[in-house]
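Have a look at the structure below, then the notes.
Number of protein chains: 2
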Amino acid sequence: MSKQELPVVDLNAVACCSPIAVRPMDPEQAAVVAPLFKALGDPVRLRLMSMIASVPEMCVCDLTPAFDLSGPTISHHLKVLREAGLVDSERRGTWVWYRVKPEAFRQLGALLDISAAPAAAA
Amino acid sequence: MSKQELPVVDLNAVACCSPIAVRPMDPEQAAVVAPLFKALGDPVRLRLMSMIASVPEMCVCDLTPAFDLSGPTISHHLKVLREAGLVDSERRGTWVWYRVKPEAFRQLGALLDISAAPAAAA
DNA sequence: CCCTTGCCTAGATGTTCTTCGAAGCAAGAC
DNA sequence: GTCTTGCTTCGAAGAACATCTAGGCAAGGG
């Protein structure tokens, strides 16, 4: 990771949600959305994401033991998800709790909606 | 790409489609699906995908000029999408035509469906 | 106050990705 | 048969990524 600044995506800035099966994306929108998919493009992060998404919120102390990876590595993956704008974290006392950001989730789902794409469904 | 064997995903083998906001993914399913997201995690590939998805099929000769990249580079990105199982190609005479594989598309959309996730929607 | 626990950050290392130029192969034109 | 066009594959260079160990800060218990 070293000196690499993930942009901390502002999801409100995204030209929201026209399914990609309906209209080609502008380069700008693609540049904004691609990092979201990239963040989900790792098995560990995908599992972390689904673990967090399947409950209202999740403690890191419950996430870490689910993997054969070190604490720092899990922390790193969580940081990637956080900086992609897919999750939010909050420290309460000793523990840190993670929660999904539903608007990011919704946007990705909308982009992949195929129901409105008669052409590609051929 | 050198000596790296992308597995050419068999989408029928995937434990299909329970939204990740409902139930945590098994490690096996995550390992199968993550490469799909990874393939979409590049702005060029995302645009290629949306260009192909927005019409019944698309000629490479129409895809390449939309980018400031060389022919071989576009060909490489198309290969990544193809080996991820997201698109199919077919040579007809002089030109090669690309088409989306709707089942892969549908699966990703289903995984990101948030409508069935009251918990995470809080 | 000191120690323990929980999590994050920094630095280092090996692997993977992106991109290009060069070359190969397939289909059609002359 | 030979040439041109379109797309892919090969090989290499540079950047980015995943993972680990080591160290640091915050919160709580004795």
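Protein sequence lines, in the order shown, are assigned to chains V and F. Sequential numbering from 96 applies to the first sequence in the working numbering. Sequential numbering from 96 applies to the second sequence in the working numbering. All C-beta atoms in this analysis are idealised placements derived from N, C-alpha and C, irrespective of residue type, glycine included. No experiment lies behind these values; they were computed from the predicted model shown.
The beta strand (DSSP E) with residue i in it runs from where to where?
i: F/Val182; result: 182-187
How is the alpha helix (DSSP H) around residue i delimited, first residue to last?
i: V/Val150; result: Counting along the chain, V/Val150 falls outside any alpha helix (DSSP H), and DSSP gives it neither H nor E.
i: F/Val175; result: 166-178
i: F/Arg194; result: First-last for F/Arg194: 190-195, but that is the beta strand (DSSP E), not the alpha helix (DSSP H).
i: V/Val117; result: Per DSSP, V/Val117 belongs to no alpha helix (DSSP H) and is neither H nor E.
i: V/Leu51; result: Lying before the first or after the last residue shown, residue 51 of chain V is absent from chain V, which here runs from 96 to 217.
Determine the direct distance from the alpha carbon of residue j to that of residue i, and round the result to whole angstroms.
i: F/Met120; j: F/Gly188; result: 43 Å
i: F/Thr168; j: V/Val127; result: 21 Å
i: V/Arg177; j: V/Asp183; result: 6 Å
i: F/Ala148; j: F/Leu173; result: 13 Å
i: F/Arg194; j: V/Trp190; result: 48 Å
i: V/Phe132; j: F/Trp192; result: 25 Å
i: F/Val139; j: F/Val117; result: 31 Å
i: F/Ile115; j: F/Glu123; result: 14 Å
i: V/Leu141; j: F/Met146; result: 26 Å
i: F/Leu207; j: V/Ser170; result: 23 Å
i: F/Pro160; j: F/Met144; result: 15 Å
i: F/Ala157; j: V/Gly166; result: Inspection of the sequence shows that residue 157 of chain F is occupied by Asp rather than by Ala. Distance between the alpha carbons of F/Asp157 and V/Gly166: 47 Å.
i: V/Glu198; j: V/Ala134; result: 16 Å
i: F/Ala125; j: F/Phe162; result: 32 Å
i: F/Asp175; j: V/Glu185; result: The sequence as given places Val at residue 175 of chain F; Asp does not occur at that position. About 37 Å.
Residues of chain V with CB under 8 Å from residue i, in chain order?
i: F/Ile115; result: Leu141, Met144, Ser145, Ala148, Ser149
i: F/Pro160; result: Ordered by position in chain V, no residue passes the 8 Å Cβ test against F/Pro160, which lies about 13 Å from the chain.
Can you pull the chain F neighbours of residue i, defined as C-beta to C-beta under 8 Å?
i: V/Arg118; result: Ser145, Ser149
i: V/Pro122; result: Pro138, Arg142
Does the distance between the C-beta of residue i and the nearest non-hydrogen atom of the ligand ATP fall short of 6 Å?
i: V/Arg187; result: Here there are no bound small molecules, and the ligand ATP is not part of this structure.
What does the Cβ neighbour count give for residue i, buried or exposed, with the cut at 16 atoms within 10 Å?
i: V/Asp252; result: In the structure as shown, chain V starts at 96 and stops at 217, and residue 252 of chain V therefore has no counterpart that could be examined.
i: F/Gly180; result: buried
i: F/Leu164; result: exposed
i: V/Pro130; result: buried
Please list, in chain order, the chain F residues whose beta carbon lies closer than 9 Å to that of residue i.
i: V/Val128; result: Leu135, Pro138, Leu141
How would you list, in chain order, the residues of chain V whose beta-carbon sits under 7 Å from the beta-carbon of residue i?
i: F/Leu203; result: Leu207
Since residue i meets chain F, which of its residues come closer than 7 Å, beta carbon to beta carbon?
i: V/Ala179; result: Correct list: empty, because the minimum Cβ distance to chain F is about 10 Å.
- Can we say the segment 201-208 of chain V touches the segment 149-160 of chain V, given the rule of at least three CB pairs closer than 8 Å? no
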